[in-house]
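K.L.:
Residue numbers (my numbering), protein chains in the order written: chain A, 59 to 436; chain B, 147 to 686. We treat Cβ as the ideally placed atom computed from N, Cα and C, and that holds for glycine.
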Amino acid sequence: MPLGLSRIGVAFLLSLAVAAVLVPVLNLTVASDSTWHVSTTNVVLFGKYLCYALLALSIDLVWGYCGILSLGHGAFFALGGYAMGMHLMREIGSRGVYGNPVLPDFMVFLNWKELPWYWYGFDQFWFAALMVVLAPGALAFVFGMFAFRSRVTGVYLSIITQAMTFALLLAFFRNDMGFGGNNGLTDFKGVLGFDLQNNATRCGLFALSAIALAGGFLACRAIVSSKLGKVLVAVRDAESRTRFIGYRVEHYKLFVFTVSAMMAGVAGALYVPQVGIINPGEFAPANSIEAVIWVAVGGRGTLVGAALGALVVNVGKSWFTGALPELWLFALGGLFIFVTLFLPKGLLGLVRSRRVASAAPVEAPGEPVTVIDRQAAE
Amino acid sequence: MPFGITLRRIVLAVALAVVGASGVGAHADTLRARIDALATADFAAKEAIINELAAAGDAEAVPALTALGNGDLQVRKTDGKVIIAVRDGNSYKAIDPVSAADLGPVDRAALDKIRVNNNLRRVISAVVGSLTLRSKDPSVRRAAADAVFKSRDASALDVLDEAIAAETDNGIRRRMVLARAAAILQTNRPEPDRLAAIAVVAEHGNQDAKDLLSSVAASADGEVKRKATASIALIEQSLAMWSVGQNIWYGLSLGSVLLLAAIGLAITFGVMGVINMAHGEMVMIGAYVTFMVQEVIRTSAPALFDVSLLIALPLAFLTAGAVGVVIERGIIRWLYGRPLETLLATWGLSLVLQQAVRSIFGPTNREVGAPSWMSGAFELGGLTLTYGRVWIIVFAIAVFILLLVVLKRTAFGLQMRAVTQNRRMASSMGIRTTWVDALTFGLGSGVAGIAGVALSQIDNVSPNLGQSYIIDSFMVVVFGGVGNLWGTLVGALTLGVVNKFLEPYAGAVLGKILVLVFIILFIQKRPRGMFALKGRAVES
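(1) Between leucine 168/A and chain B, is any beta-carbon pair separated by less than 7 Å?
(2) Secondary structure at glutamine 392/B, three-state DSSP: helix, strand or coil?
(3) Of all Cβ atoms in chain A, is any one closer than 7 Å to the Cβ of glycine 508/B?
(4) Please classify leucine 129/A as buried or exposed, where buried requires at least 16 neighbouring CB atoms within 10 angstroms.
(5) Decide if proline 336/B is buried, meaning its Cβ has at least 16 other Cβ atoms within 10 Å, or exposed.
(6) Starting from the Cα of isoleucine 431/B, find the closest Cα among Ala466/B, Asp452/B, Leu405/B and give me that residue.
(7) By DSSP, does isoleucine 665/B sit in helix, in strand, or in coil?
(8) Closer than 8 Å by beta-carbon distance: list the chain D residues that pair up with proline 343/A, in chain order.
(9) Which runs of the alpha helix (DSSP H), 4 residues or longer, sit entirely within the stretch 330-405 of chain A?
(10) Relative to chain B, which residues along the stretch 102-130 of chain A have a C-beta separation below 9 Å, given in chain order?
(11) Under 7 Å, do serine 591/B and methionine 428/B count as touching if we go by C-beta distance?
(12) Mind checking the stretch 613-642 of chain B against chain A and listing, in chain order, the residues whose C-beta falls within less than 7 Å of any C-beta there?
(13) In the stretch 639-666 of chain B, which residues sit with their C-beta less than 8 Å from some C-beta in chain A, listed in chain order?
(14) Taking the straight line between their C-alpha atoms, what separation do you get for tyrosine 176/A and valine 191/A?
(15) For my contact list, arginine 287/B and isoleucine 318/B are in at a C-beta cut-off of 8 Å; report their separation, rounded to the angstrom.
(16) According to the neighbour-count rule (16 or more other Cβ atoms, all chains shown, within 10 Å of its Cβ), is valine 83/A buried or exposed?
(17) Please state if the CB of valine 607/B and the CB of valine 514/B are separated by a distance shorter than 7 Å.
(18) Ignore the nearest five residues each way along the sequence and tell me which others in alanine 328/B's own chain have a CB closer than 6 Å to its CB.
(19) Name the chain B residues that come within less than 8 Å of valine 213/A, Cβ to Cβ?
(20) Could you name the residues of the same chain whose beta carbon sits closer than 6 Å to that of alanine 77/A, not counting the 5 residues immediately before and after it, in chain order?
(21) What residue ranges within the stretch 69-152 of chain A form continuous beta strand (DSSP E) runs of no fewer than 3 residues, ordered along the chain?
(22) According to DSSP, what are the bridge partners of glycine 248/A?
(23) So alanine 325/A packs on cysteine 109/A, CB below 8 Å; how close in whole Å?
(24) Pairing CB atoms from the stretch 610-627 of chain B with CB atoms from the stretch 380-393 of chain B, are three or more of them under 8 Å?
(25) Only counting runs of 4 or more residues, tell me where the alpha helix (DSSP H) segments fall wholly within the stretch 282-344 of chain B, in order along the chain.
(26) What's the call for serine 281/B, buried or exposed, on a 16-neighbour Cβ count within 10 Å?
(27) Leaving out five residues on either side along the sequence, give the residues of the same chain with a beta carbon under 8 Å from the beta carbon of valine 170/B.
(28) Quick check on this structure: which residue in Leu529/B, Ala202/B, Gly419/B has the alpha carbon closest to the alpha carbon of proline 485/B?
(29) What's the gap between the Cα of serine 574/B and the Cα of asparagine 568/B?
(30) Within 7 Å (strictly less), CB to CB, does phenylalanine 237/A reach chain B?
(31) Tell me the rounded alpha-carbon separation between valine 101/A and glycine 323/A.
(32) Between Thr375/B, Glu369/B, Arg321/B, which has its C-alpha nearest histidine 350/B's C-alpha?
(33) Just to confirm, are alanine 389/A and phenylalanine 378/A a CB contact at a threshold of 7 Å?
(34) Could you tell me whether the Cβ of leucine 497/B comes closer than 7 Å to any Cβ of chain A?
(35) Find the residues of chain B that neighbour leucine 390/A, judging by a C-beta separation of less than 8 Å, and give them in chain order.
(36) Does phenylalanine 204/A come within less than 7 Å of chain B when only Cβ atoms are used?
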């Protein structure tokens with residue numbers, strides 16, 4: 059199959075396609091008292107999960123295939139979200155509380171007289187869409203260039219990515235940054251003329267999220283099944299050896315880190331119109347680490363597993379915070395410990411090893427078997 | 147101005163006491179006549195009367211003058227008598243301005259306020275200042291000298307000269323001399339006198355002196371102006387130096403907090419190489435142990451409150467240390483050699499510990515009191531140092547030294563270093579490596595626990611206490627150099643001082659961001675920290 063798609067991968071793509079069509083149909087055309095009706099709440103909820111899945115996918119690309127454990131991917135996600143949020147703020151126009159056609163409400167409130175220069179252009183959707191990809195991409199490129207060139211690896215890299223998102227968290231909390239301070243950006247009215255409160259718009263965003271997830275998955279597959287992907291796995295398993303063979307390890311790392319950040323940015327941009335708010339809380343280091351655990355639960359280095367992990371953990375989170383709110387952190391914390399101790403390959407790894415054990419080993423080409431960090435094992 | 151009000155209160159109280167003791171003499175009648183004359187006069191005449199009172203040098207006039215300045219001196223319409231009216235609930239209480247006798251309640255409508263303007267208020271405060279310069283109470287004299295320094299009232303010079311001659315307390319005399327110099331600078335005395343006065347003021351060297359000299363420099367000319375300007379430059383220099391000193395002090399104080407938070411991590415991460423994201427929760431456990439110790443003391447033995455922290459220290463060490471050993475045995479030992487997994491597992495653990503504490507103690511902040519020997523402050527030159535901060539610095543250094551001794555001078559420390567440097571060799575030599583691992587982790591956690599005791603004094607004791615320190619702690623350890631306690635010390639103090647020096651320019655939050663960015667860049671340059679280990683150990 060092209061891109062070395064496994065049967066699981068194909069099934070994943072097919073179910074995404076089905077969901078993208080079926081969910082909006084069930085929401086918009088089936089009567090609300092029917093058992094087949096999908097409520098708007100659920101459409102929004104699962105649309106959000108699909109964005110999380112895309113974020114998880116981007117983390118899996120760098121962590122599962124290149125061994126870079128980023129604890130700051132939430133920052134790229136949030137930057138993408140802010141870029142989209144800025145456009146949505148501009149699109150409110152004079153419908154805001156203060157009715158100012160140019161300035162968003164919070165700027166009027168803070169007594170600002172004119173738009174800061176970095177808000178220019180965000181009234182154009184194409185510009186905002188470009189920034190959704192470019193802003194996180196540029197940050198990842200600069201950050202990665204410094205980090206990889208000086209060979210910051212392993213936990214050191216994890217810790218400074220965490221420091222990066224923490225610094226951004228502090229920065230975005232400041233009112234004079236011009237991003238709404240701790241309230242963030244909210245009260246969005248519509249996107250490209252579609253009303254955000256409208257069911258059809260929400261279904262459209264859901265379908266878009268599913269398509270973006272599918273696109274992200276295919277892009278990741280394309281990367282990891284190419285020759286470049288092989289080098290990435292080599293970097294993950296034996297970085298020094300790969301370097302001595304003659305590959306410019308830092309270039310490969312920088313490339314995949316930047317691509318991954320862009321994907322996270324897209325996920326954030328789709329997330330914001332669905333939840334209706336973006337605030338600095340999205341930069342919290344805890345969010346980034348939580349996203350990493352989705353990947354670990356699903357199985358790192360499997361792509362499909364990462365996306366599934368995000369869905370499973372978040373469905374669990376919604377159920378727990380509804381039914382037993384005080385137990386959620388116990389469950390999440392326990393999940394971290396349980397998965398790292400007993401499920402190093404995640405749920406998908408569990409399924410796969412069952413299959414391998416019961417039937418003849420049908421290992422799909424290009425599906426890497428996770429090798430525990432060699433450097434660490436030494 | 148609060149100071150002025152307090153001064154007036156002191157003056158009033160003292161003067162009333164003096165008057166009450168001395169009784170009413172013959173000259174009290176002239177005094178009363180003068181005070182009664184205040185009722186009808188216009189502002190200029192009032193000023194003349196006040197100056198007469200000052201010239202008479204009669205301390206008994208002080209309560210009436212103070213009341214006049216405060217607007218409490220009123221005329222009773224029924225008999226035209228001047229009284230001090232003090233608000234008493236809804237009505238007023240009349241007090242005799244000379245004898246301080248209570249004259250009973252009066253209705254507000256029956257009173258007529260004696261009006262004063264700002265000019266009169268100034269005159270009054272100067273006169274009151276000079277009249278109180280010869281009080282028996284040293285604190286009143288000191289306050290009076292300071293009042294003259296502020297008012298720079300040249301008319302007080304004669305009184306001041308007498309007061310200086312009579313003064314026995316050196317500290318107060320110095321203030322009086324300073325006040326005299328300030329007053330002289332307002333006069334047209336000969337140049338040498340004024341130059342000498344400038345020298346006196348310049349020696350004082352604080353912000354007030356600087357303000358005084360700037361006004362002199364603005365109005366005077368010639369030699370006086372030149373000298374005043376030169377003295378201002380000197381004062382500015384010394385003020386700048388003290389502010390640098392203050393910054394260093396704040397920085398050291400913050401640095402010692404960072405050191406306390408990070409030093410346990412320097413063991414678990416620096417020496418063992420274990421990424422313990424639950425480190426902050428060990429600090430939190432220590433803080434909650436302190437809270438519980440204080441609760442027990444409050445309910446059963448309040449007398450012991452001052453030693454509550456000393457009791458909490460060993461308990462916090464043991465509790466956090468025991469939790470640490472359990473964590474090592476239960477989780478971390480399965481993950482040696484897999485640092486990224488360790489990171490995730492301990493992060494999960496930190497969530498569990500936070501939630502556990504939240505379930506047991508509630509999500510709100512808990513009150514941890516400061517013992518008496520940790521509250522208060524003292525002055526050192528131009529610095530104000532609080533005892534709490536001093537003790538935390540002392541404590542941080544003590545913990546550091548203790549840890550250094552444990553690592554370098556004890557059998558356990560030797561085994562610990564042996565295991566971390568070459569596990570298999572140490573094992574061959576008969577060291578029980580698993581046991582050493584558990585104890586080392588317990589030691590690091592226990593130290594975090596006693597850091598929690600100290601941090602409970604300056605931070606909110608809440609389930610989120612640890613979270614706020616975890617990133618800072620890692621920054622300190624990584625910046626200082628992994629596996630090196632001295633690096634942690636230098637790293638913590640450097641980051642603390644840099645942070646405090648950035649704050650005035652950039653603000654607290656931006657300063658912190660700049661420090662984070664600085665560390666991120668620094669790690670690019672020196673990935674192994676300031677004091678990197680050299681040799682083979684680096685690659686492991």
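P.N.:
Taking the structure as given:
(1) For leucine 168/A, the answer is no, since every Cβ of chain B falls outside 7 Å of its Cβ.
(2) Looking at glutamine 392/B - three-state DSSP - the assignment turns out to be helix.
(3) It does not: the Cβ of glycine 508/B has no partner Cβ on chain A nearer than 7 Å.
(4) With 16 or more other Cβ atoms within 10 Å, it is buried.
(5) Residue burial is scored here from C-beta neighbours: proline 336/B has fewer than 16 other C-beta atoms within 10 angstroms and is therefore classed as exposed.
(6) Looking at the Cα atoms, Ala466/B is the closest of the given residues.
(7) Collapsing the DSSP output to three states places isoleucine 665/B in a helix.
(8) Annotation note: the requested chain D is absent from the structure, which comprises protein chains A and B.
(9) If we require 4 residues or more, the alpha helix (DSSP H) runs fully inside the stretch 330-405 of chain A come out as 343-356, 362-381, 386-400.
(10) So the list reads Trp121, Gly125, Leu127, Leu129, given in the order they occur along the chain.
(11) In this structure, methionine 428/B lies closer than 7 Å to serine 591/B by Cβ.
(12) Here the close residues are Ile617, Phe620, Met621, Val624.
(13) Listed by position, the residues of the stretch 639-666 of chain B near chain A (Cβ gap below 8 Å) are Val655, Leu656, Lys658, Ile659, Leu662, Val663, Ile665, Ile666.
(14) Roughly 16 Å between the two C-alpha positions.
(15) Contact flag correct, Cβ pair sits at about 5 Å.
(16) Valine 83/A is exposed by the Cβ-count criterion.
(17) It is a contact, given that the beta carbons lie within the stated cut-off.
(18) Answer for alanine 328/B: Phe295, Arg298, Leu358, listed in chain order.
(19) Near valine 213/A (Cβ distances below 8 Å), the residues of chain B are Ile421, Pro485, Leu486, Leu489.
(20) These residues qualify, in order along the chain: Ala268.
(21) If we require 3 residues or more, the stretch 69-152 of chain A turns out to have no beta strand (DSSP E) run fully inside it.
(22) Answer is Asp253/A.
(23) 5 Å between Cβ atoms; contact.
(24) Counting C-beta pairs closer than 8 Å gives fewer than three between the stretch 610-627 of chain B and the stretch 380-393 of chain B, which falls short of the contact rule.
(25) The stretch 282-344 of chain B is shown to contain whole alpha helix (DSSP H) runs of 4 or more residues at 284-297, 303-312, 316-330, in chain order.
(26) Answer is buried; the Cβ neighbour count reaches 16.
(27) In this predicted model, valine 170/B has a pLDDT of only 45, less than 50, meaning its place in the structure is not dependable; the value taken from the coordinates is given anyway. Excluding the 5 residues flanking it on each side, valine 170/B has same chain C-beta neighbours closer than 8 Å at Val244, Ser245, in chain order.
(28) It is Gly419/B whose Cα lies nearest to the Cα of proline 485/B.
(29) Those two C-alpha atoms are separated by around 10 Å.
(30) The beta carbon of phenylalanine 237/A does not come within 7 Å of any beta carbon belonging to chain B, so the residue lies off that interface.
(31) Valine 101/A and glycine 323/A: Cα-Cα distance of roughly 21 Å.
(32) With distances taken between Cα atoms, histidine 350/B lies closest to Arg321/B.
(33) Their beta carbons are under 7 Å apart, which means alanine 389/A touches phenylalanine 378/A by this criterion.
(34) At a cut-off of 7 Å between beta carbons, leucine 497/B contacts chain A.
(35) Among the residues of chain B, those whose CB is under 8 Å from the CB of leucine 390/A are Gly494, Leu497, following chain order.
(36) At least one chain B Cβ lies under 7 Å of phenylalanine 204/A.
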